[in-house]
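Start counting the sequence shown at 69; every next residue gets the next number (my numbering).
Heads up, the beta-carbon is just placed ideally off N, CA and C, and yes, glycines get one too.
To start, the structure under review is shown below, and the notes come after it.
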Amino acid sequence: MSLTNFPGGSGSSSTGVPITKVTMPALGEMKRQRKPISALTAYDYATSRLVDEAGIDVVLVGDSLAMVVLGHDNTLAVTVDEMLHHTRAVRRAVRRALVVADMPFGSYHGTVAEGVANAVRFVKEAGAEAVKIEGPRAELVRALTEAEIPVIAHLGLTPQSVNRMGGYRVQARTADTVHRLKEDAHTLADAGAGALVLEGVPREVAAAITAELTIPTIGIGAGPDCDGQILVFHDLVNLTFAPPAKFVRRYGDAAELIRGAVERYREDVERRAFPSDEESYHLPEAARKALQTERVATQKVAALRKA
Ligand code: KIV
Numbered sequence: 069m070s071l072t073n074f075p076g077g078s079g080s081s082s083t084g085v086p087i088t089k090v091t092m093p094a095l096g097e098m099k100r101q102r103k104p105i106s107a108l109t110a111y112d113y114a115t116s117r118l119v120d121e122a123g124i125d126v127v128l129v130g131d132s133l134a135m136v137v138l139g140h141d142n143t144l145a146v147t148v149d150e151m152l153h154h155t156r157a158v159r160r161a162v163r164r165a166l167v168v169a170d171m172p173f174g175s176y177h178g179t180v181a182e183g184v185a186n187a188v189r190f191v192k193e194a195g196a197e198a199v200k201i202e203g204p205r206a207e208l209v210r211a212l213t214e215a216e217i218p219v220i221a222h223l224g225l226t227p228q229s230v231n232r233m234g235g236y237r238v239q240a241r242t243a244d245t246v247h248r249l250k251e252d253a254h255t256l257a258d259a260g261a262g263a264l265v266l267e268g269v270p271r272e273v274a275a276a277i278t279a280e281l282t283i284p285t286i287g288i289g290a291g292p293d294c295d296g297q298i299l300v301f302h303d304l305v306n307l308t309f310a311p312p313a314k315f316v317r318r319y320g321d322a323a324e325l326i327r328g329a330v331e332r333y334r335e336d337v338e339r340r341a342f343p344s345d346e347e348s349y350h351l352p353e354a355a356r357k358a359l360q361t362e363r364v365a366t367q368k369v370a371a372l373r374k375a
């Protein structure tokens, strides 16, 4: 049995996409072969299953769930336990894609040992195959790599730095900051990062970093020249209740679909059009007759009592 294929499977998903497990080394190979990497966030069983069946290469359990699933104003509040809970649900759904857990704010901002201990929880307790961390933390990337935990680094607009940055702004717009970003990208790659998310940086800067690095870059708001692209699932299908950022392309309108379905359901309940007889369970013939006889008898007794 090959360790890279699922046992018993036909070798392809319902959409015909071959089920060959995506691994961190496979992402590097995709870069070498110039094959674009598709990545998307997902946070629960149902959507992760659909995302995986659609052939997406990387499923990120992003800390963006703090905002799009839990309704917080930013990503800072989500805890390790909440992230573990969602990562487990995603893990149960995904067969092919690489499952990456986002380390939440505070879980790797203390000592390197604490960061490694928290990352180990994502692998051991939730089945993550890699973790993602924000910022230029080469020492932690090295320690995680030594602990056999593949790491995706994340530079540019790093949402966990929202208070330091004073908002969500495009980064690396001056010669100095571009230079620093490039240096950080190289340092993280040298430390062992398997891939690099570049968020909210000018296209030209992402293109230059992508050309220089041997590890793949995965862009979000970083232009089309990265080795791959990632979006937040809720942005893709219009479930964010806010105007989309410039870099978001909406591929569907789940808000419209869900609102319409729920309204039709409510209307049907209110006019007693749901459920129909066909949507009801029925007694077998004999039990139905017995029930009918019992009802007639009860009515007779009631009538006699009245008389
Ligand atoms: O949390 C997240 O969703 C992310 C990305 C989209 C890269 O970090």
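Could you please give me the residues that DSSP links to G224 through a beta bridge?
Within the sequence shown, residue 224 is the residue found at index 156, counting from 1. Paired residues: E267.
Helix, strand or coil at A187 [DSSP, three-state]:
Sequence index remark: in the sequence shown, residue 187 carries index 119 (1-based). It is helical.
The alpha helix (DSSP H) spanning T143 covers which residue range?
Along the sequence shown, one-based indexing puts residue 143 at 75. It is not in any alpha helix (DSSP H) - T143 carries neither H nor E in the DSSP assignment.
For A240 and G224, believed in contact at Cβ under 8 Å, the rounded distance
Within the sequence shown, numbered from 1, the residue matching residue 224 stands at position 156. Within the sequence shown, numbered from 1, the residue matching residue 240 stands at position 172. Indeed, because the Cβ distance is near 6 Å, the residues count as touching under 8 Å.
Hey, would you say L41 sits closer than 8 Å to I288, going by beta carbons?
Residue coverage of the chain in this structure runs from 69 to 375, which leaves residue 41 outside it and unanswerable.
Let's see if you can read the secondary structure: which residues bound the beta strand (DSSP E) around D170?
To locate residue 170, count along the sequence shown from 1; it is residue 102. Taken as a continuous stretch (DSSP letters only), the beta strand (DSSP E) holding D170 covers L166 to D170.
Less than 8 Å between the C-beta atoms of V305 and A322, yes or no?
To locate residue 305, count along the sequence shown from 1; it is residue 237. To locate residue 322, count along the sequence shown from 1; it is residue 254. A contact, by the Cβ cut-off of 8 Å.
Tell me whether R373 is buried or exposed, calling it buried when 16 or more other Cβ atoms sit within 10 Å of its Cβ.
Your numbering for residue 373 matches position 305 in the sequence shown. Exposed, by the Cβ-count rule.
If you measure from the CB of E193, is any heavy atom of the ligand KIV nearer than 7 Å?
One-based indexing of the sequence shown puts residue 193 at position 125. Flag unset: Cβ of E193 not near the ligand KIV.
Can you give the beta carbon distance from V168 to I220, rounded, assuming they're within the 8 Å contact cut?
Looking up residue 168 in the sequence shown gives position 100. Looking up residue 220 in the sequence shown gives position 152. Indeed they touch by this definition, with Cβ atoms about 6 Å apart.
Residue from G174, G183, A122 and M151 with nearest C-alpha to R163:
The count along the sequence shown starts at 1 and reaches residue 163 at position 95. Comparing Cα positions, the closest option is A122.
So what's T366 in DSSP terms, helix, strand or just coil?
On the sequence shown, residue 366 is found 298 positions in, with the first residue counted as 1. Three-state DSSP puts T366 in a helix.
Just to confirm my understanding: we take K314, look at its own chain, exclude 5 residues before and 5 after, and list those with CB closer than 8 Å. What are they?
The residue labelled residue 314 in the question sits at position 246 within the sequence shown. For K314, where only same-chain residues beyond five positions count, the Cβ hits under 8 Å are G289.
Can you determine whether any heavy atom of the ligand KIV sits closer than 7 Å to the C-beta of I217, and answer yes or no?
Position 149 of the sequence shown holds residue 217. Outside the cutoff, so no.
According to DSSP, is A259 part of a helix, a strand, or is it coil?
Here residue 259 refers to the residue found at position 191 of the sequence shown. The answer is helix: DSSP assigns A259 an H, G or I state.
Pick helix, strand or coil for E202, following the three-state DSSP scheme.
Sequence index remark: in the sequence shown, residue 202 carries index 134 (1-based). Three-state DSSP puts E202 in a strand.
In chain order, what residues of the same chain lie with their CB nearer than 8 Å to the CB of I286, ignoring the 5 residues before and after it?
Position 218 of the sequence shown, counted from the first residue, corresponds to residue 286. Excluding sequence neighbours, I286 sits near I105, A107, V126, I220, A263, L264, V265, L266, C294, D295, G296, Q297 and I298.
For G268, count neighbouring Cβ atoms within 10 angstroms of its own Cβ and tell me buried if that reaches 16, exposed if not.
For this step, residue 268 is matched to residue 200 along the sequence shown. Classification of G268: buried, given that the 10 Å Cβ count is 16 or more.
For the structure I just gave you, are there three or more beta carbon pairs, one from the region 139-157 and one from the region 172-183, closer than 8 Å?
yes
In whole angstroms, what separates the C-alpha of S187 from that of L212?
For this step, residue 187 is matched to residue 119 along the sequence shown. For this step, residue 212 is matched to residue 144 along the sequence shown. Note that residue 187 is Ala in the sequence shown, not Ser. Near 8 Å, if we compare the C-alpha coordinates of L212 and A187.
When the Cα atoms are used, what is the spatial distance from K89 to D120?
Residue mapping note: residue 89 aligns to position 21 of the sequence shown, counting from 1. Residue mapping note: residue 120 aligns to position 52 of the sequence shown, counting from 1. Looking at the two C-alpha atoms, the distance is approximately 11 Å.
Residue interval of the beta strand (DSSP E) (run including A107)
Looking up residue 107 in the sequence shown gives position 39. From DSSP, the beta strand (DSSP E) with A107 extends over I105 to T109.
Note down the Cα distance separating L351 from E362, rounded to an integer number of angstroms.
Here residue 351 corresponds to residue number 283 of the sequence shown, with the count starting at 1. Here residue 362 corresponds to residue number 294 of the sequence shown, with the count starting at 1. Taking the straight line joining both Cα atoms gives about 14 Å.
Quick one: does the C-beta of D112 sit closer than 7 Å to a heavy atom of the ligand KIV?
Your numbering for residue 112 matches position 44 in the sequence shown. D112: no, Cβ never under 7 Å from the ligand KIV.
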